[in-house]
Every structure is written in structure tokens, then in C-alpha cells.
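In this note's numbering, each residue's number is its place in the sequence shown (first place is 1) plus 18. The structure under discussion appears below in the form of C-alpha cells.
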Amino acid sequence: MSEQTAIGKIDEAPGDRAARGGPANFAAGEALIQPSLNRISVHGRVTQVEPKVMQVLILMAERPGTVISRETFLDTVWAGTVADDYLLNRAVSELRKIFDDDPQAPRYIETIRKGGYRLIAPIAPAKVAAAVAKVAADEPASERPASEGPAAMAPQSGAPSAGATPPPATPRSFRSRPALYGLAAACVVAATAAVFLLAPRLSGDASGIAERYDVLPLTSFVGLEFEPALSPDGSRIAFIWDGGGGAFDVYVKTIGSEDVLNLTDSPADERFPVWSADGRSLLFARTDGSGMSIMRVSALGGGVTRVFGDTAAADIRGMSLSPDGARIAYAGRESAASPYRIFLAALDSGEKRSVSNPGPGSLGDIDPRFSRDGQSIAFVRGVNEVTKDVYRIALDGGESTRLTFDNRKINGLAWSPGGDRLLFTSTRSGMYGLWSADPDGGDLQQVFLGNENVHQPATAAGVDAIAFEQWTHRSRLRQIDLVRRTQADASPYLQSTRWNSNPVWSPDGERIAFVSNRGGPHSIWVSQRDGRGAVQIADFGGAFIDNPAWSPDGTLIAFDGSPDGTTAIFAVSPEGGKPRKISDGPGDSRNPAWSRDGAWLYFESNRSGQWRIYAQPATGGTPIAVTAGPGIDARESADGQWLLYSKPGQPGLWQRPREDWSKGIAGGSEELLIAALEPQDGGNWAPAPDGIYFVRRLAEGAPMLSLFDPVDSSATDILALSPSFEGWGLDLSPDGTQLIFSEPAGQESDLRLAVPR
Numbered sequence: 019m020s021e022q023t024a025i026g027k028i029d030e031a032p033g034d035r036a037a038r039g040g041p042a043n044f045a046a047g048e049a050l051i052q053p054s055l056n057r058i059s060v061h062g063r064v065t066q067v068e069p070k071v072m073q074v075l076i077l078m079a080e081r082p083g084t085v086i087s088r089e090t091f092l093d094t095v096w097a098g099t100v101a102d103d104y105l106l107n108r109a110v111s112e113l114r115k116i117f118d119d120d121p122q123a124p125r126y127i128e129t130i131r132k133g134g135y136r137l138i139a140p141i142a143p144a145k146v147a148a149a150v151a152k153v154a155a156d157e158p159a160s161e162r163p164a165s166e167g168p169a170a171m172a173p174q175s176g177a178p179s180a181g182a183t184p185p186p187a188t189p190r191s192f193r194s195r196p197a198l199y200g201l202a203a204a205c206v207v208a209a210t211a212a213v214f215l216l217a218p219r220l221s222g223d224a225s226g227i228a229e230r231y232d233v234l235p236l237t238s239f240v241g242l243e244f245e246p247a248l249s250p251d252g253s254r255i256a257f258i259w260d261g262g263g264g265a266f267d268v269y270v271k272t273i274g275s276e277d278v279l280n281l282t283d284s285p286a287d288e289r290f291p292v293w294s295a296d297g298r299s300l301l302f303a304r305t306d307g308s309g310m311s312i313m314r315v316s317a318l319g320g321g322v323t324r325v326f327g328d329t330a331a332a333d334i335r336g337m338s339l340s341p342d343g344a345r346i347a348y349a350g351r352e353s354a355a356s357p358y359r360i361f362l363a364a365l366d367s368g369e370k371r372s373v374s375n376p377g378p379g380s381l382g383d384i385d386p387r388f389s390r391d392g393q394s395i396a397f398v399r400g401v402n403e404v405t406k407d408v409y410r411i412a413l414d415g416g417e418s419t420r421l422t423f424d425n426r427k428i429n430g431l432a433w434s435p436g437g438d439r440l441l442f443t444s445t446r447s448g449m450y451g452l453w454s455a456d457p458d459g460g461d462l463q464q465v466f467l468g469n470e471n472v473h474q475p476a477t478a479a480g481v482d483a484i485a486f487e488q489w490t491h492r493s494r495l496r497q498i499d500l501v502r503r504t505q506a507d508a509s510p511y512l513q514s515t516r517w518n519s520n521p522v523w524s525p526d527g528e529r530i531a532f533v534s535n536r537g538g539p540h541s542i543w544v545s546q547r548d549g550r551g552a553v554q555i556a557d558f559g560g561a562f563i564d565n566p567a568w569s570p571d572g573t574l575i576a577f578d579g580s581p582d583g584t585t586a587i588f589a590v591s592p593e594g595g596k597p598r599k600i601s602d603g604p605g606d607s608r609n610p611a612w613s614r615d616g617a618w619l620y621f622e623s624n625r626s627g628q629w630r631i632y633a634q635p636a637t638g639g640t641p642i643a644v645t646a647g648p649g650i651d652a653r654e655s656a657d658g659q660w661l662l663y664s665k666p667g668q669p670g671l672w673q674r675p676r677e678d679w680s681k682g683i684a685g686g687s688e689e690l691l692i693a694a695l696e697p698q699d700g701g702n703w704a705p706a707p708d709g710i711y712f713v714r715r716l717a718e719g720a721p722m723l724s725l726f727d728p729v730d731s732s733a734t735d736i737l738a739l740s741p742s743f744e745g746w747g748l749d750l751s752p753d754g755t756q757l758i759f760s761e762p763a764g765q766e767s768d769l770r771l772a773v774p775r
């Protein structure tokens, strides 16, 4: 489909536009422009124009206020033909006649001597234009005060003197909300005000950081809209949308309009749209089995061309286009086991080089962003997905500079519109919020948007606005009644509109510990069995926290968290108090579980370079590796005779004999116990006195909850789960009658626009 550019709001459905093709209806000053009909309506007159005349007008309307050279007009409108200035002059003359426009005091089209032409009439949505045209038809143009006409709302730069180089168009400011020429009825005024309220404020010297912002909706579609990109003039927003459940494609929307245009339609996922400097095209990333490709699509839609490829990149995590449009920076990695690195690639030659060097075994470097002068790149470096900080590196050589020292989640990075600050979203205060930092380090300031979930900020140079994602993630706790063999939501008291996950029973079966952000940041909560009386017992002020595990005597709850950058094991009383760190050493440690006798605490750690199971004395001491190879999600069998665990990225549940771990691994090798456990269900099993409950995926149909009998290696199906089952973390009640687990309850993302008050 064609892209909706600065030429206003579209009056028909996207499907109709696709079938018909061509730009959308729009308003220029007091005129209603209908490109598909080659029709201009102004002052009550309807004029049919030649297609070439309409194309001249559209070319100017695509870049309002920008000087279009004569050569560009001839090469674009009369491409493939022999044309001269006479044809262009005639087209412009006809448009001026229709608009009743005086070349000496233009309100629509301004002549730039030795330069070309530019459209100076204000652009508005077509529905507003139609209303204006109806009202305007009742009053001659000569009777309207000049201050209420289009010239009053046009850029006030004036024509350059003879022989002068035409200056770039000055961005228009929408800080005021002018009445619609003082002529329209209240409904028309309201409609116009809404359009300009939703438009970003434009200022050539915008610093981009204000004390207070108004947050306005940009999208509210069904499905996921994310990765916003503001056009260079601030009039449009490009973004990724799944269309309500399909592939990720690139879309464009004019700010203030509810119509959206689909620029790509591919079964492959497309991500990270970025605008060209002139706003006429978009670049985006496409990944498939053959690697990563950077594609270009015209801002008017049409064919997609490949401009760069990296067959070694398994996937990427963000990209940025240099201000001169010659280079791209992207975060790529060769495999899931390697860290992301920032690569710099020349679009003309295809040459690339790595410009960052993250540590081995880490998430790596993601979200690169060129500075406004193109001399440096800011990026996010992560130990893992929950421990990240902001860095910057100069492209003329040298080491990267760390700008933040928070060790928190970060989900998005952008330069301020003026280029003097860095904007990033972080959980440094609990929930995701927007912060700014000096690009030379220090001076962190919170940017208050009145919004607790701010992700992926996006800006454009000189555009006084910040676009961002607003996400809602929900998960719910579920219970399976093993006596009645039914599945249902857990007690309503355990439900909320927030995140609730990883529930575990207390040893006496009277309480449940779980993770929730119902009180703000993710924290450990404890409630009664029915969900009543939930209280927060541990949090790290926004740092990652997860995976509670009760000690067998019920006096402690172990969990993992990363307040200091690396993930470690902590313990806290079920009644609350200060958490105590109980694991130490290099690397990350997570997912604790107690031995049945309470003597040992198991956890998984990557301190050796791969995820393995370790056992540490509950009273403290040196952790001991209890698996020779990889292992995660460790728990003991119900009788305490076996250590059970899965392996990262591999199917199956494994076991090895429980030993006196103080002597190391004395004997007994591991063996595959349940081959039918899929990698995605590595934590979806629970030891029971009569076997092991686990999730069994079938070739067709819904997954089954099954009971594995280790005596004869048989599996008995208990009940069918929902076809889209995505739960995790099964935990069996002490009386053996209930399984509890968590599963996603939906996620939504919309785009928002913050404009200074």
C-alpha cells in the first residue's frame, strides 16, 4: 500500500486504498484535494485537473514547506519523457489559478528564484477540509481577514532575495491551536484542534527535554504495535504491527489520523524501521533462515529493495541510520550462544566492522543509536536481559564509556531532539520510566510523563516530541484439581490486572509465595491459600527478582535477584525483612530449590561458562557442581533419592542419584528419565509420591498433563490442557490434590506521544 505522508487523513478504509492505489485525500489550505479523482474543491468550486498537474501538487504536498527543484519535478512527474520548464510552469500556473493564489503574495505555492517551488499552505486531514470547504463556500475569499487565511498558518520565512540560496524550510510549530479561519462551526474547530494537539511541536532549536508533558494516544489497534520511529518532520510515525496476530510488518500513520498504511507484507518478520533523512523512504530489518537483510521501501509504498545483507547474523536487536544516510549501525550475533555486538556497515560498499566488544557469555550490546553529528553511537550493554546499562563509543576509535551504573532493566534508548542528552527507559525507580543522561556521563534526571510503563522512546532531530511504547503484560495463576481432574483459574484473590507468576506452596499447604508487580516493581509476595491477605515480603526497588522456593521447615523463602548487576540467590523470612544473600561467586546464579531434608540448596549457575546445577550447604559454604554437563530447573524426587533436572534447549527430564554432595560427585551417572518433555516445558513438571507430573506435547491436539511412572516408564494422561497452553512452573500441593502454575494472560502494546505543555 501507499504510505500516508504529510498530505492528511484518509477517508476510506485501508483495503479500499490498496485496491484503488494512490495517495489519500487531504487538505491544502482551504482546498480539498482528491488525488484519485484528479479533483480540487475550493471556495465552492470543483475543478478537474490533468493527472500531471495533480502529480505536481502531490510532490509538493509530500514535503510541505520544502523547496522542490525544477529538476526533481521534471524527473519525477515527467519521468521517461522529453519535458521542459514550460510544462512545469503551466502546471503551477493552473494550480495558482484554481487556488486564486497571487505569485507576489502567495498563500499556497511560493516560487523560489533559481530554486523551484514549495507548498506553503497548511496541510490538514481531509474530513476537516471537507467541513471547511462547506463553510468557506458561503463566504467569498475576498471578505476573509488575511490573518485568518492559510498564509497566517504558513511558515513565515519569506522568499529569499534574488540570487540567494533557498534556505531549508523552517519546521512549523503547532504550539497554538488556531480556530479554523474563524468560520467553521464548533465541531469543525474541535476537529482541527484535535489534529494540531496530536501533532508534535516542531522547533529547529528544540532541546527535547521539558519539565512537563502531555501524553497523547498514537495507536490503539488490536495486537502489538511497537518500535516507533518519528519522521524527520514529525508529521508521521512508522512502527511495527502484527495486525492483530500475524507477522510483523511495517506501517505508517499520520499523527492526528486514525488511518494506517501497510508498507510491507511478507511472511518474514520485519523490525526496526528508520526514516531516511529526507523522509521519502524507510529502512527496516528482515530476518529469515538465510540471515539478516536491510530493506528499503518508498514512503509512498511500492516495491521493497535489499540494500545490505549479513548472512552471519542469526538475528539483530536494533539498528540506526547515520545522519548522512551512508551507514547503518546494527546489533547482531551469529548464534544464540554468542553475545550481540554493534556492527557498522557502509550501504554503498556493504563493508562492515564491529565497533563494540562485549564480554563472553553476556547478552551483549543492543539498541545502537547514532548521535546527531554521526560521530558516536550510544547503545545498551546487558549482562543478561534484566541487568543492563547505557554506554557510548566514539567512532574514531577508543573504548566504550559506561554512562549508567544501575544494573537494571533497560528497554529503549534515543537521543534527545537537540542531541545534547540521551533518553532511556529503565526500572531504576521500580517500574519502567523515562530518564535522561549526559552523553559524557552522569547527571541522570527523570523525565516525567505521568506514565508508569514507558518503553522504546523515539525522537527526531528538532521535533519537540517523544514517541514511545506502552505495554501491558499480564499473567495469571492457575490451578489443576487432581481429584476432579479439572483446570481453572486460581482463587480470585490471587488474580489481578498485573503480573503474577511462579507460585509455590508452603510446606504446610496453607500459604502461597509468588512473584507480582501488583504493588509496583516485581516483588516476592505471600498470601493465604485462598489468596487473601497477600503481603509483599521482598523487593529490590526495580531490580530483577524471581523464583521463590520455600525451605522444608517453612522458615525461609529462597529466591533469585540482581540488585548488584549479577543474579544471585537470596533468602528472606516469609514474614518479611531484609533479604540475605546466600550465594556468591562469579557468573549468575538462579532458580533455587531445597533438598527434601533441608540440608542443601540447589541452583543453576553459568560460572563455568555453561549452565550447570550446583549444591550449596543450607548453612553456607562452597557450592559444588553436581552435574558434569549442562543442567537447569533442579528439584529432588519426592523421596529425596534422586536429583531431577532438565537441560537448556534440549528435550527430556534427567536424573542422577542424590549423594552426599560434600564429597562431590562420587558415583552414578545421569540418565534420561522422560524423553517426551519438550524444551519449552523444561520447568513444567512436579515430583509426586507416585511419579512425576509433566506436560506432554502431542503431534496434534492439545497438550496433556500426564503422570510419569518411573517404575515402568509409562505415562498416564490426566487431562487435556488448553490448546494454547504456555504455562510454566508446576508446583504440587503437600496433600497431592492441587497443581498450581502460572501462564500468560495476554499482552498489549500501543504507541503514545509526549509533547511539552
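Glycine is no exception: its CB is placed at the ideal position from the N, C-alpha and C atoms. All values reported here derive from a predicted model rather than from experimental measurement.
Subject >> Backbone CA spacing between W660 and A576 [nearest angstrom] >> reply: Here the alpha carbon of W660 sits roughly 21 Å from the alpha carbon of A576.
Subject >> Residue range of the unbroken beta strand (DSSP E) whose run includes T323 >> reply: Its beta strand (DSSP E) spans residues 322 to 328.
Subject >> Neighbourhood of A182 by C-beta distance below 6 Å, restricted to the same chain and skipping five residues each side >> reply: Note that A182 has pLDDT 32, beneath the 50 cutoff, so the model's placement of it is unreliable and the number below is only indicative. If we look at A182 and ignore the five residues flanking it on each side, it has no Cβ neighbours.
**OP:** Can you give me the start and stop residues for the alpha helix (DSSP H) that N107 sits inside?
**Re:** DSSP places N107 inside the alpha helix (DSSP H), whose first and last residues are 103 to 117.
Subject >> Cβ distance (whole Å) where L381 is taken to contact N402 below 8 Å >> reply: Beta-carbon to beta-carbon, L381 and N402 are separated by about 5 Å, close enough to satisfy the 8 Å threshold.
Original post:
Is the distance from the Cβ of Q393 to the Cβ of L413 below 8 Å?
Top reply: Yes, these two residues count as a Cβ contact at 8 Å.
**OP:** Ignore the nearest five residues each way along the sequence and tell me which others in P762's own chain have a CB closer than 6 Å to its CB.
**Re:** The beta carbon of P762 sits closer than 6 Å to the beta carbons of S493, E744 from its chain, once the five residues preceding and following it are set aside; these are given in chain order.
Original post:
Three-state secondary structure (DSSP) at W679?
Top reply: DSSP places W679 within a helical segment (H, G or I) once states are collapsed to three.
Original post:
Going by other Cβ atoms of all chains shown within 10 Å of its Cβ, with 16 needed for buried, is S731 buried or exposed?
Top reply: So S731 counts as exposed.
Original post:
What is the residue span of the beta strand (DSSP E) that T445 lies within?
Top reply: For T445, the uninterrupted beta strand (DSSP E) segment begins and ends at 440 to 447.
Subject >> C-alpha gap between R81 and S249, whole angstroms >> reply: The straight-line gap from Cα to Cα measures roughly 11 Å.
Subject >> Beta-ladder partner(s) of A706, from DSSP >> reply: A706 is bridged by DSSP to G709.
**OP:** Note down the Cα distance separating V533 from T490, rounded to an integer number of angstroms.
**Re:** Each residue's alpha carbon lies about 16 Å from the other.
Original post:
How should Q765 be labelled, buried or exposed, when 16 other C-beta atoms within 10 angstroms of its C-beta is the threshold for buried?
Top reply: So Q765 counts as exposed.
Subject >> Outcome for D735 when other beta-carbon atoms lying within 10 angstroms are tallied against a minimum of 16 >> reply: Exposed, by the Cβ-count rule.
Original post:
Since E654 is in the beta strand (DSSP E), which residue starts that stretch and which ends it?
Top reply: For E654, the enclosing beta strand (DSSP E) has its first and last residue at 650 to 654.
**OP:** Measure from the alpha carbon of G241 to the alpha carbon of each residue in W523, D267, Q673, then state which is nearest.
**Re:** The alpha carbon of G241 has as its nearest neighbour, out of W523, D267, Q673, the alpha carbon of D267.
Subject >> One or two residues paired with D499 in a DSSP bridge >> reply: According to DSSP, D499 bridges with T504, Q756.
**OP:** Using the Cα positions of G262 and G595, report the straight-line distance between them to the nearest angstrom.
**Re:** The C-alpha of G262 lies about 44 Å from the C-alpha of G595.
Original post:
What residues in its chain sit with their C-beta under 8 Å from that of E688, if we drop five residues either side in the sequence?
Top reply: Excluding the 5 residues flanking it on each side, E688 has same chain C-beta neighbours closer than 8 Å at T645, A646, G647, W672, Q673, R674, in chain order.
Original post:
Are the beta-carbon atoms belonging to G667 and P697 less than 8 Å from one another?
Top reply: Yes; because the gap between Cβ atoms is below 8 Å, this pair is in contact.
Subject >> Distance between D385 and S284 (C-alpha atoms, nearest Å) >> reply: Roughly 24 Å separates the two Cα atoms.
Subject >> Close beta carbons around S524, own chain, < 6 Å, minus the five adjacent residues each side >> reply: Result list for S524: W568, G572, in chain order.
Subject >> Euclidean distance between Cα positions of P345 and D391 >> reply: It should be pointed out that residue 345 corresponds to Arg in this sequence rather than to Pro. C-alpha separation (whole angstroms): 13 Å.
Original post:
Leaving out the 5 sequence neighbours to the left and right, which residues in its chain are closer than 8 Å to A617 when beta-carbon positions are compared?
Top reply: Around A617: P635, A636.
Subject >> Per-residue DSSP class, three states only, for Q698 >> reply: Q698 falls in the helix class under three-state DSSP.
Original post:
What residues in its chain sit with their C-beta under 6 Å from that of R715, if we drop five residues either side in the sequence?
Top reply: E696, P721, listed in sequence order.
**OP:** Please classify E80: does DSSP put it in a helix, a strand, or coil?
**Re:** Helix at E80.
Original post:
For the alpha helix (DSSP H) that R131 lies in, which residues bound it at each end?
Top reply: No alpha helix (DSSP H) contains R131, which DSSP labels as neither H nor E.
Subject >> F397 in three-state terms, based on DSSP >> reply: DSSP, read as helix, strand or coil, puts F397 in strand.
Original post:
From P121 to L137, what distance separates their C-alpha atoms?
Top reply: Distance between the alpha carbons of P121 and L137: 12 Å.
Original post:
With contact counted as at least three CB pairs below 8 Å, one residue from each stretch, are the segment 85 to 94 and the segment 291 to 307 in contact?
Top reply: Segments in contact, no.
Original post:
Which same chain residues, not among the five before or five after S338, have their C-beta less than 8 Å away from its C-beta?
Top reply: V292, I346, A347, Y348, P386, R387, F388, I395, listed in sequence order.
**OP:** Please state whether DSSP places R88 in a helix, a strand or coil.
**Re:** The answer is helix: DSSP assigns R88 an H, G or I state.
Subject >> Identified DSSP bridge partners for N402 >> reply: Under DSSP, N402 forms a beta bridge with T405.
Original post:
Could you give the distance in angstroms between the alpha-carbon of P539 and the alpha-carbon of D578?
Top reply: Cα to Cα, P539 sits roughly 15 Å from D578.
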